[in-house]
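Below is one structure, written out as structure tokens; the observations come after it.
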Amino acid sequence: MVQRSVGCDVLVIGGGIAGCMAAIRAAEMGARTVLASKGPVGRSGSSVVAAGTYLYYSPEEDLQGYLRDACRIGHFLDDQEMEEEVIRECHQRRLDMDKWGVEWDKEGADFVRKPGLGMTTMRNCYFHGGRQMMSVLRGEVERQGATILDRLMVTDLLTSDGQHPTRGRVVGAVGFGARDGRFYVFEAKATVLASGDWGIGELHPGDNTGDGQAAAMRAGAQMRNMDQLGFSVAPSAFPSMPGLHPLTGHGAHFLNRLGERFMAGYHPELMERAPRAVLAQSMAREIKDGRGPVYMDCRHLSREDLERLARILPHTFKAFQRLGIDLARDLVEYMPVLYGNGPSGGVRVGKDCRTTVEGLFCAGGASDRMYAGVPGLTGASVQGWKAGGTAFHYAAGQATLPLDQRQVMDLEKVIHQPLGRVEGPAPKEVYCQVRDIVKEKIGVLKDGERLAQGAEALDRLRREVVPYLRAEDYHGLMRTHEVRNIVELGELVARASLERKESRYFNYREDYPQRDDVNWLKWVIAQTEGHEARIWTEDIPLLRVKP
Amino acid sequence: MTVTVDKARCTGCTVCVQSCPSDVLRMKASKAHVAYPESCTDCFTCELDCTREALKVVPGTILARRNDKRKTIEEVFLWHTTA
Ligand SMILES: Cc1cc2nc3c(=O)[nH]c(=O)nc-3n(C[C@H](O)[C@H](O)[C@H](O)COP(=O)(O)OP(=O)(O)OC[C@H]3O[C@@H](n4cnc5c(N)ncnc54)[C@H](O)[C@@H]3O)c2cc1C
Ligand code: SF4
Ligand code: SF4
Numbered sequence: 161m162v163q164r165s166v167g168c169d170v171l172v173i174g175g176g177i178a179g180c181m182a183a184i185r186a187a188e189m190g191a192r193t194v195l196a197s198k199g200p201v202g203r204s205g206s207s208v209v210a211a212g213t214y215l216y217y218s219p220e221e222d223l224q225g226y227l228r229d230a231c232r233i234g235h236f237l238d239d240q241e242m243e244e245e246v247i248r249e250c251h252q253r254r255l256d257m258d259k260w261g262v263e264w265d266k267e268g269a270d271f272v273r274k275p276g277l278g279m280t281t282m283r284n285c286y287f288h289g290g291r292q293m294m295s296v297l298r299g300e301v302e303r304q305g306a307t308i309l310d311r312l313m314v315t316d317l318l319t320s321d322g323q324h325p326t327r328g329r330v331v332g333a334v335g336f337g338a339r340d341g342r343f344y345v346f347e348a349k350a351t352v353l354a355s356g357d358w359g360i361g362e363l364h365p366g367d368n369t370g371d372g373q374a375a376a377m378r379a380g381a382q383m384r385n386m387d388q389l390g391f392s393v394a395p396s397a398f399p400s401m402p403g404l405h406p407l408t409g410h411g412a413h414f415l416n417r418l419g420e421r422f423m424a425g426y427h428p429e430l431m432e433r434a435p436r437a438v439l440a441q442s443m444a445r446e447i448k449d450g451r452g453p454v455y456m457d458c459r460h461l462s463r464e465d466l467e468r469l470a471r472i473l474p475h476t477f478k479a480f481q482r483l484g485i486d487l488a489r490d491l492v493e494y495m496p497v498l499y500g501n502g503p504s505g506g507v508r509v510g511k512d513c514r515t516t517v518e519g520l521f522c523a524g525g526a527s528d529r530m531y532a533g534v535p536g537l538t539g540a541s542v543q544g545w546k547a548g549g550t551a552f553h554y555a556a557g558q559a560t561l562p563l564d565q566r567q568v569m570d571l572e573k574v575i576h577q578p579l580g581r582v583e584g585p586a587p588k589e590v591y592c593q594v595r596d597i598v599k600e601k602i603g604v605l606k607d608g609e610r611l612a613q614g615a616e617a618l619d620r621l622r623r624e625v626v627p628y629l630r631a632e633d634y635h636g637l638m639r640t641h642e643v644r645n646i647v648e649l650g651e652l653v654a655r656a657s658l659e660r661k662e663s664r665y666f667n668y669r670e671d672y673p674q675r676d677d678v679n680w681l682k683w684v685i686a687q688t689e690g691h692e693a694r695i696w697t698e699d700i701p702l703l704r705v706k707p
Numbered sequence: 005m006t007v008t009v010d011k012a013r014c015t016g017c018t019v020c021v022q023s024c025p026s027d028v029l030r031m032k033a034s035k036a037h038v039a040y041p042e043s044c045t046d047c048f049t050c051e052l053d054c055t056r057e058a059l060k061v062v063p064g065t066i067l068a069r070r071n072d073k074r075k076t077i078e079e080v081f082l083w084h085t086t087a
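Taken in sequence, the protein lines are chains L and H.
When you number the first sequence by our numbering, it's gap-free, plus one each residue, and the end is 707.
When you number the second sequence by our numbering, it's gap-free, plus one each residue, and the end is 87.
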């Protein structure tokens, strides 16, 4: 297979908001920057389907109040120093995006501000959908002179010692063209992972299969909060529908079969604006206890509010129309849906976006999202910008190291093997299995016994099925590598979830239903040792706010 | 199938083929073509990007996939011992 070698100072992997911000920043500072993305830059990941809300803090507001709100939403799983920095800096990122041309919803000169899920002090502002925002960001990446490589799936990281896990540093990556199968070798002084979160279908973009997280894990990077598998709620007829923050922010209600606003029993203070984790768990409980189906009710919203919602959620409203649903007239059936580990969990990073492996930086959904209580775009924009800057400075002090040619050859073999197989399971078959295991054995309401069964089933898939996956063409080749990553991380999620013996945030354990702030203000950390993951816990430093 | 192309309206501009996040669409005989329907996630990106209103997404792939007749886990494991 034809090989293409690409040399650069900073390699950014993933073309969502975090990757674009990182590439803009690194290129603007003068780094030779390459942005490689599996889905097209600006048209992929969670960013392009995002529901038009951006949490925004302006300097005259109450910083301490924002921080308290965010920590409460994330059940104190956050790194509070990082959370504070994200809240402080989002103002500047919003100003930049304004300057570049992102359209915001305003009344006169003022931004429309409303609280989102779980917020008492914090306020969102609104923009006109992820597509408009991401077109602008892609334009800015091009203007700053970064090289864009679309439809390029990165599969693994290259290391200075040629080992996985490494004791050295990351020196680039390998991947292939998702349309032509061409093998790519990247030699980079610094590598920024911005490849989004891990998940499997439903309210989760199809291209975010945790590829970067899995590659980082194989290379030996520590992972944090992997016990936090996100669930959300969405229409049963359209589980991938974005818009929960804006819909509940404008006053949508949830009703059970008996017509009761059941959230009164779970979160009397915020009701339907309860944090996402509480909403998903409450809805699952209502259905499990026989009070389903549950519905969203927007019939009482004003015409102006419905019109604004249609502006900030263009694709949601198009879908409603297509399904024959008129929010002014109809109830919409809802259910809990998988949301991936976007809300928290991923590659461990410090405040400056360094991972625990030298030469590797990480931002946005791929990272451990130590700002769990702050919505995703805000955190990803701040972190992406920061990662681009840190990577630039790191690269400036590094020479390009010679690659370990044996590692390059081995990884190329791994990439193309599934094409050569004439028999073996198709990726779709395994994908369906994993999705069912994740929903039935991990699920919204977890339980030790089911988690252990899930972990074992995924472990068997990893050992006995994944090595035999078969691809019929390059599109199928991409799917086989995605399925491998989905399985590896799914198993880690199950094992990490088992580790926590209490209920916190998205890890709700029916066998340990109480939150235990005495013994469990802890992070669950994981790292590859040999061929297996070692899992342990660490105390969370509570530097700003205490429960 | 959840995405359909109205070939009479499609001008073959390739915008949707460039923008689909999951690489579902390709060109065939100078028109957009739904090459990998199973990879579609109902994200609407293609429909919103097409200026000719030639694409139509009807949410449903994810639901259809959930109800697919699937192999049992044993069948998936058994493929190599029975082959
Ligand atoms: C439906 C939905 C609605 C949301 N709405 C909002 C909202 O209104 N407000 C808000 O603040 N947050 C929202 N979020 C969360 C928010 O969108 C994300 O947190 C944020 O977009 C993450 O950005 P990112 O750049 O880190 O990752 P993403 O935008 O997910 O981008 C990941 C990128 O990596 C690429 N990639 C993946 N694998 C590879 C690989 N192997 N090689 C190369 N590239 C790869 C992908 O193609 C993609 O370009 C929403 C999320 C969803 C799913
Ligand atoms: S964007 Fe519309 S007109 Fe252009 S190729 Fe696609 S379907 Fe045809
Ligand atoms: S709806 Fe989304 S995933 Fe499906 S074909 Fe259109 S752009 Fe691709």
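Ideal placement from N, C-alpha and C gives every residue a C-beta, glycine not left out.
Since this is a predicted model, take the numbers as computed values, not measurements.
Anyone know if the C-beta pair for H:Lys60 and H:Thr8 falls short of 9 Å?
-> Residue mapping note: residue 60 of chain H aligns to position 56 of the second sequence, counting from 1. Residue mapping note: residue 8 of chain H aligns to position 4 of the second sequence, counting from 1. Cβ atoms of H:Lys60 and H:Thr8: closer than 9 Å.
Assign L:Gln613 to one of three DSSP states: helix, strand, or coil.
-> In the first sequence, residue 613 of chain L corresponds to position 453, counting from 1. Looking at L:Gln613 - three-state DSSP - the assignment turns out to be helix.
Continuous beta strand (DSSP E) stretch holding L:Lys496: start and end = Along the first sequence, one-based indexing puts residue 496 of chain L at 336. What sits at residue 496 of chain L in the sequence shown is Pro, not Lys. Leu491 to Gly500 is the span of the beta strand (DSSP E), which, as asked, contains L:Pro496.
Would you call L:Val582 buried or exposed, if buried means 16 or more other Cβ atoms sit within 10 Å of its Cβ?
-> Here residue 582 of chain L is taken as the residue at index 422 of the first sequence, counted from 1. L:Val582 is exposed by the Cβ-count criterion.
Go ahead and pull the three-state DSSP assignment for L:Gly690.
-> Counting from 1 along the first sequence, the entry for residue 690 of chain L is found at position 530. In this structure, L:Gly690 counts as coil in the three-state DSSP scheme.
Which residues have a Cβ closer than 5 Å to any heavy atom of ligand 3, listed in chain order?
-> This selection yields H:Val7, H:Cys24, H:Ser26, H:Val28, H:Cys44, H:Thr45, H:Cys47, H:Thr49, H:Cys50 and H:Val61.
Taking Cβ-Cβ distances shorter than 8 Å, what residues in chain H pair up with L:Lys606?
-> Working through the first sequence from its first residue, we reach residue 606 of chain L at position 446. Residues of chain H whose Cβ lies closer than 8 Å to the Cβ of L:Lys606 do not exist, since the nearest Cβ in that chain is about 20 Å away.
The beta strand (DSSP E) spanning L:Glu347 covers which residue range?
-> Locating residue 347 of chain L in the first sequence gives position 187, counting from the first residue. Membership of L:Glu347 in the beta strand (DSSP E) is indicated by the continuous run Phe343 to Leu353.
Note down the Cα distance separating L:Gly175 from H:Cys24, rounded to an integer number of angstroms.
-> Locating residue 175 of chain L in the first sequence gives position 15, where the first residue counts as 1. Locating residue 24 of chain H in the second sequence gives position 20, where the first residue counts as 1. Approximately 13 Å between the Cα atoms of the pair.
Chain H contacts from the stretch 478 to 491 of chain L (Cβ-Cβ distance under 8 Å) | Listed by position, the residues of the stretch 478 to 491 of chain L near chain H (Cβ gap below 8 Å) are Lys478, Ala479, Arg482 and Leu483.
Should L:Ser400 be listed as close to ligand 1, given that the test is whether its C-beta is under 8 Å from any heavy atom?
-> Here residue 400 of chain L is taken as the residue at index 240 of the first sequence, counted from 1. It does: the Cβ of L:Ser400 is within 8 Å (strictly closer) of some heavy atom of ligand 1.
Using a C-beta cutoff of 9 Å, does H:Met39 count as contacting chain L?
-> Here residue 39 of chain H refers to the residue found at position 35 when the second sequence is read from its first residue. According to the sequence shown, residue 39 of chain H is Ala rather than Met. So, interface residue.
CB-CB under 6 Å to L:Asp457, same chain, minus the five flanking residues each way: which ones, in chain order?
-> Taking the first sequence and counting its residues from 1, the one referred to as residue 457 of chain L is at position 297. Within the same chain, L:Asp457 has close Cβ partners His413, Leu415 and Leu491.
Note down, in chain order, all residues in the stretch 557 to 588 of chain L with a beta-carbon under 7 Å from any beta-carbon belonging to chain H.
-> Glu583, Gly584, Pro585 and Lys588
Near H:Pro63, which residues of its chain fall below 6 Å by C-beta distance, leaving aside the five closest residues on each side in sequence?
-> Position 59 of the second sequence, counted from the start, is the residue given in the question as residue 63 of chain H. Answer for H:Pro63: Asp46, listed in chain order.
Spatial neighbours of L:Asp676 within its chain, please: CB distance less than 6 Å, with the 5 preceding and 5 following residues excluded, ordered by chain position.
-> Within the first sequence, residue 676 of chain L is the residue found at index 516, counting from 1. Counting only Cβ-Cβ distances below 6 Å, and skipping sequence neighbours, we find Glu662.
Opposing strand residues paired with L:Pro395 [DSSP bridges] | Residue mapping note: residue 395 of chain L aligns to position 235 of the first sequence, counting from 1. DSSP output for L:Pro395 lists L:Tyr494 as bridge partner(s).
Cα-Cα separation between L:Ser657 and L:Gly505, rounded to whole angstroms | Residue mapping note: residue 657 of chain L aligns to position 497 of the first sequence, counting from 1. Residue mapping note: residue 505 of chain L aligns to position 345 of the first sequence, counting from 1. Distance between the alpha carbons of L:Ser657 and L:Gly505: 11 Å.
State the Cα-Cα distance for the pair L:Gly539 and H:Ala12, rounded to the nearest angstrom.
-> Within the first sequence, the letter at position 379 stands for residue 539 of chain L. Within the second sequence, the letter at position 8 stands for residue 12 of chain H. Approximately 44 Å between the Cα atoms of the pair.
So L:Gly425 packs on L:Ala178, CB below 8 Å; how close in whole Å?
-> Taking the first residue of the first sequence as 1, we reach residue 425 of chain L at position 265. Taking the first residue of the first sequence as 1, we reach residue 178 of chain L at position 18. Incorrect: roughly 38 Å between the Cβ atoms, too far for contact.
Short check: CB of L:Asp387 to CB of L:Arg660, under 9 Å?
-> Sequence index remark: in the first sequence, residue 387 of chain L carries index 227 (1-based). Sequence index remark: in the first sequence, residue 660 of chain L carries index 500 (1-based). It is a contact, given that the beta carbons lie within the stated cut-off.
Is it true that the CB of L:Gly276 sits closer than 9 Å to the CB of L:Gln284?
-> Residue mapping note: residue 284 of chain L aligns to position 124 of the first sequence, counting from 1. Residue mapping note: residue 276 of chain L aligns to position 116 of the first sequence, counting from 1. This sequence places Asn at residue 284 of chain L; Gln is not what is there. Going by C-beta atoms, L:Asn284 is nearer than 9 Å to L:Gly276.
What do you reckon, are the CB atoms on L:Arg610 and L:Glu648 nearer than 9 Å?
-> Here residue 610 of chain L refers to the residue found at position 450 of the first sequence. Here residue 648 of chain L refers to the residue found at position 488 of the first sequence. Not closer than 9 Å, so no.
Using three-state DSSP, classify L:Arg164 as helix, strand or coil.
-> Reading the first sequence from its first residue, position 4 is the one you call residue 164 of chain L. In the structure shown, L:Arg164 sits in a strand (DSSP, three-state: E or B).
Pull out every residue of the stretch 292 to 310 of chain L whose Cβ sits closer than 8 Å to any Cβ of chain H, in chain order.
-> Cβ contacts with chain H come from Asp310.
Counting only beta-carbon atoms, is H:Cys129 nearer than 9 Å to chain L?
-> The structure shown has nothing for residue 129 of chain H, since chain H only spans 5 to 87.
Boundaries of the beta strand (DSSP E) in which L:His413 is found, first to last residue = Here residue 413 of chain L corresponds to residue number 253 of the first sequence, with the count starting at 1. Where L:His413 is concerned, the enclosing beta strand (DSSP E) stretches over His413 to Leu415.
Is DSSP giving L:Ala333 helix, strand or coil here?
-> Counting from 1 along the first sequence, the entry for residue 333 of chain L is found at position 173. In the structure shown, the three-state DSSP call for L:Ala333 is strand.
Under 9 Å between C-beta atoms of L:Gly403 and L:Gly533 | On the first sequence, residue 403 of chain L is found 243 positions in, with the first residue counted as 1. On the first sequence, residue 533 of chain L is found 373 positions in, with the first residue counted as 1. The answer is no: Cβ separation not under 9 Å.
Does the beta carbon of L:Lys606 fall short of 8 Å from some heavy atom of ligand 2?
-> Here residue 606 of chain L corresponds to residue number 446 of the first sequence, with the count starting at 1. No.
Could you name the residues of the stretch 312 to 328 of chain L whose beta carbon sits closer than 8 Å to any beta carbon of chain H, in the order they occur along the chain?
-> none
Taking only the alpha-carbon atoms, compute the straight-line gap between L:Ala555 and L:Ile685 and give it to the nearest angstrom.
-> Residue numbering aside, residue 555 of chain L sits at position 395 when the first sequence is read from its first letter. Residue numbering aside, residue 685 of chain L sits at position 525 when the first sequence is read from its first letter. The straight-line gap from Cα to Cα measures roughly 28 Å.
Among the residues of its own chain, which have a CB less than 8 Å from the CB of L:Glu362, if the five just before and after it don't count?
-> Along the first sequence, read from residue 1 onward, the residue named residue 362 of chain L stands at position 202. Cβ neighbours of L:Glu362 beyond the five flanking positions: Ala394, Pro399, Ser400, Val497, Leu498 and Tyr499.
Are at least three pairs of beta-carbons, each pair with one atom in the stretch 191 to 205 of chain L and one in the stretch 366 to 384 of chain L, less than 8 Å apart?
-> yes
Can you list the residues of chain H that L:Ala338 reaches, using a CB-CB cut of under 9 Å?
-> As a first step, residue 338 of chain L must be located in the first sequence, where it is residue number 178. Ordered by position in chain H, the residues that pass the 9 Å Cβ test against L:Ala338 are Asp27.
Which same chain residues, not among the five before or five after H:Val28, have their C-beta less than 6 Å away from its C-beta?
-> Locating residue 28 of chain H in the second sequence gives position 24, counting from the first residue. Counting only Cβ-Cβ distances below 6 Å, and skipping sequence neighbours, we find Tyr40, Ser43 and Cys44.
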